[in-house]
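A short write-up of the structure that comes next.
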Amino acid sequence: MRVRRFGALIGAGMALSLALSACGSDTEKTEAKTVVQKAKDDKKLTIGIKFDQPALGLKKPDGSFDGFDVDVAKYIAKSLGVPENGITFKETTSANRESFLGGGQVDLVVATYSITDARKSQVTFGGPYYVAHQDTMVKADNGSIKKATDLKGKKLCKAAGSNSFRRITEGPPDGKLNIKGVTLVDASSYSECVSKLKSGALDAVSTDDLILAGFANQQKGSFKVINDPFTDEKYGVGLKKGDTETCEAVNKAVAQMYSDGTAKTLLEKHFAGTGLKLVTTAPQMEGCA
């Protein structure tokens, strides 16, 4: 009798082990699903964008979203088979983009996300879908900062999670100008940088020209961009590390967006009249390896 019971217990244990193994396999398959596969199966995507960058990613008072990044995200989603009503936009900041992708809170990030070697170690990038240039914005009546090197001895905004300040204050490889004597003023976001610039808490905000142009255009007469660009900022579509299938699909969508004229239309829609020289030819893709 004891032998039979022991055998039964072994059999039950093996069955449970097999069931758990099968369950684990299903979980692993779910975790391994690419964004392309999710889009095909669910017709839904969660896309990270900025909520506070006019002309790029802005949540309006009525709850809708507007901006170049928003429209690019919609175009890419549509190319993956997801209609506009299948998109959930989630706010991402410069500080949480990597963690949101790695943790699965978002499927894609389209949020003025510059492609850098450091970020490539954590994220796979599709694109770039645009190449911006770092510039500097000051108050409209500021006559002391006419070029980036004039920032010596000035107060510059340091937005959380952004690398822009490093390109001014540090030398290569992360920096560009290596200007000494700059006082960095912390801010949680570029919208806070702009508020501090307006109040006089700092002298300048330096980041991508599209971001600056959006803020300057939103508050006409308050600010000016000095038009002294010094970097190429390749805006990429952030993906979970290793999702090369979706990267390749994103690159195909971006190429199509330029070839069918949509990119030109969107850039002019959001930035015409800002004084920026807009590039409407397709940028060179980075590759998905």
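Per mature numbering (1 follows the signal peptide of the UniProt record, and there is no 0), the sequence shown runs over residues -24 to -1, 1 to 265. Yeah, the Cβ is synthetic: ideal placement off N, Cα and C, and Gly gets one too.
Discussion item. Quick check: what's the CA-CA separation for K240 versus I52?
Written reply: 15 Å
Practice prompt. Over the uninterrupted alpha helix (DSSP H) stretch that includes C169, give me the two end residues.
Written response: 166 to 175
Practice prompt. Taking L132 as part of the beta strand (DSSP E), name the residues at either end of that continuous run.
Written response: 131 to 135
Practice prompt. Spatial neighbours of F206 within its chain, please: CB distance less than 7 Å, with the 5 preceding and 5 following residues excluded, ordered by chain position.
Written response: Q110, A124, K152, L153
Fill in: Whole-angstrom distance between T112 and E209, CA atom to CA atom
14 Å
Discussion item. Counting C-beta neighbours from all protein chains within 10 Å, is the total for Q260 16 or more, i.e. buried, or is it exposed?
Written reply: exposed
Item to complete: May I have the straight-line CA-CA distance separating A31 from K196, to the nearest angstrom?
Response: 13 Å
Item to complete: Quick one: which unbroken beta strand (DSSP E) runs of 3-plus residues sit fully inside the region 38 to 95? Chain order, please.
Response: 63 to 67, 84 to 90
Worksheet item: Residue range of the alpha helix (DSSP H) that L188 falls in?
Response: 185 to 194
Worksheet item: If we ignore side chains and look at the alpha-carbon of each, how far apart do G102 and V181 end up?
Response: 28 Å
Fill in: I144 - DSSP class collapsed to helix/strand/coil
helix
Worksheet item: Which stretch, first to last residue, makes up the beta strand (DSSP E) that contains V114?
Response: 110 to 115
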